[in-house]
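Residue numbers (our numbering): 462 to 654. Cβ coordinates follow ideal geometry from the N, Cα and C atoms, glycine included. Structure, as C-alpha cells:
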C-alpha cells in the first residue's frame, strides 16, 4: 500500500471503504429492518496524515431512539458542520485512517474514548513520555489523558475505530481536566466541554 492511492469515497487511504449499516424497526410489524446502508464520507487532513469518517453520533445519553430522534439528531449534527471531538452530553463513533509515518498530534479529549485498532499498527504517545505500540485487535481505553497517535510504519496505512462519550467534569492534581486540542485545532472543532 502506498501513500498516493485514493479510495473511491475521497479518503487518501487505500484501506477498504466503510459501509455504514443502521438498523431500525418496521413501524407496522415491529420487526428489525435496515434503515440505512451507505458508504460513509471521509474528511481528509493531508497535512496531518489522516482522514476521519464519522460513523454516528448522539446528542444525549441515554440515546433517544423514539420516532428516530437519534437519526434526526445525527443528521442535524453532521449538517451543522460543528461536530467537535465529542458532542457535549453525547457520543460519537469515528474511524480514523493514519498515513504511513503520520505526524503525531498530541491533544486531550474531555471524554472517555475506546479505540480499537482495525488495521495496521499505531503507537500511542502520552505526555509523560510513555509510548505503546498497538496492533490489529488491540483496544485502548483513553480516559481524558493528553495523548497522540502515530503510525510507525513507513509503508502501511493504519485504521482505528474510536467511540467517544462525554464525561462528568473532574480534576487531576488540583486542576480541572479540559479539552486541549493543540495542533489538532487544524483538524477538529472544539467540543465545547
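With DSSP collapsed to three states, give me the class of residue 528.
helix
For residue 541, name the three-state secondary structure that DSSP assigns.
helix
List the DSSP bridge partners of residue 559.
511 and 619
What's the C-alpha gap between residue 529 and residue 572?
25 Å
Assigned secondary structure, residue 484 (DSSP; H/G/I helix, E/B strand, else coil)
strand
Verify whether the separation of the beta carbon atoms of residue 557 and residue 621 is less than 8 Å.
yes
Compare the beta carbon distance of residue 575 and residue 597 with 8 Å and say whether it is the shorter of the two.
no
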